[in-house]
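Mapping of the sequence shown onto UniProt numbering: residues 1 to 266, in sequence order.
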Amino acid sequence: MTDRDSSVVLDAVTRSYGTTTVIAPTSVTVGDGEFVSVLGPSGCGKSTILSMVAGLAAPSTGRVLAGGRPVRGPGPDRGMVFQDHALLPWKTARGNVEFGLASARPELTRAQRREVADRHLARVGLARAADRRPARLSGGMQQRVGLARAFAVDPEILLLDEPFGALDALTRRELQLQLLEVWEESQRTVIMVTHDVDEAILLSDRVLVMSAGPESTVIADVPVDLPRPRHTVAGAGGDGGGDTDRRERYTAGLRRELLGLLQSQH
1 MTDRDSSVVL
11 DAVTRSYGTT
21 TVIAPTSVTV
31 GDGEFVSVLG
41 PSGCGKSTIL
51 SMVAGLAAPS
61 TGRVLAGGRP
71 VRGPGPDRGM
81 VFQDHALLPW
91 KTARGNVEFG
101 LASARPELTR
111 AQRREVADRH
121 LARVGLARAA
131 DRRPARLSGG
141 MQQRVGLARA
151 FAVDPEILLL
161 DEPFGALDAL
171 TRRELQLQLL
181 EVWEESQRTV
191 IMVTHDVDEA
201 ILLSDRVLVM
211 SAGPESTVIA
221 DVPVDLPRPR
231 HTVAGAGGDG
241 GGDTDRRERY
251 TAGLRRELLG
261 LLQSQH
């Protein structure tokens, strides 16, 4: 854990477009260093919640706090990873990471930016692809660059908007485990929007479930009581014997609970 306060508070926030209320009054607290996922039906406003925390959209009423400070716009304390990796096509993988560093951490020299970029690319398995442009990278590799860029900026809060939604199952699983490993080392606060119940269970400390829109809000806050670190256990397919059986029973029950909450909104 860091000494920095990286908590997030949504205090009775709403979001309206004209006469349509997309987000009804919603209050949520994400603690310092927590990994919280947000599930809900399509179009319920999950990404709107994330955008308000990022400072890309302002609540119509209520307030958003990041690290105890009111959110009034984007800031270097919050990093965001989109489903569309949003890489600059004319820059290499290293160049994309360095570009983010230049604006978020201007105190770094060019040599320091290169060192930080290379270190974070290596952490996501891209040490040998640092000089490739996005067109020469697979979808999974492009998303790795997006993750490396977000972690290199060293934000206190990381916001993930379905970062693995467009990937095939094997690549998605590999990146989930890499994200787990990097997060378990850094212990940054993470809020992730996802449609994948199993992904939410694997990664999260808590799962928030939103109601169907319009006037969507959080209807359930479900803790995930699984031990950490998880990336080694998940990568190995289990930890052996009775522990594995208990984990699988617990996970199956939690999956049923979350799916039941989602199905109740259709």
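Here a beta-carbon is modelled for each residue, glycine too, at the ideal position from N, C-alpha and C.
Note on geometry: alpha-carbon atoms of Ala-127 and Val-116 lie some 12 angstroms from one another. Per DSSP, reduced to three states, the secondary structure at Phe-82 is strand. Between the alpha carbons of Arg-69 and Thr-189 lies a distance of about 15 angstroms.
Of the candidates Ser-216, Val-13, Gly-213 and Val-209, Val-209 places its Cα closest to the Cα of Gly-260.
Contact between the segment 91-101 and the segment 131-138 is present: 3 or more CB-CB pairs across the two stretches fall below 8 angstroms. Rounded to whole angstroms, Glu-162 and Val-193 show a C-alpha spacing of 5 angstroms. Distance from the CA of Ser-264 to the CA of Ser-103, rounded to the nearest whole angstrom, comes to 44 angstroms.
By the criterion of a C-beta distance shorter than 8 angstroms, Val-22 is surrounded in its chain by Arg-15, Ser-16, Gly-45, Thr-48, Gly-213, Pro-214, Glu-215 and Ser-216, once the five residues flanking it on both sides are discounted. In this structure, the straight-line span from the alpha carbon of Phe-164 to that of Val-182 is close to 16 angstroms. In this structure, Ala-54 places its C-beta atom within 8 angstroms of the C-beta atom of Pro-74. Look at the segment 168-197 and you find these whole runs of beta strand (DSSP E), each 3 residues long or longer: 189-193.
Between Leu-167 and Gln-187, the C-beta gap is not smaller than 8 angstroms, which leaves the two residues out of contact. In this structure Gln-176 is buried. Its beta-carbon is surrounded by 16 or more other beta-carbon atoms within 10 angstroms. Taking the CA atoms as reference points, Phe-82 sits about 35 angstroms from Asp-243.
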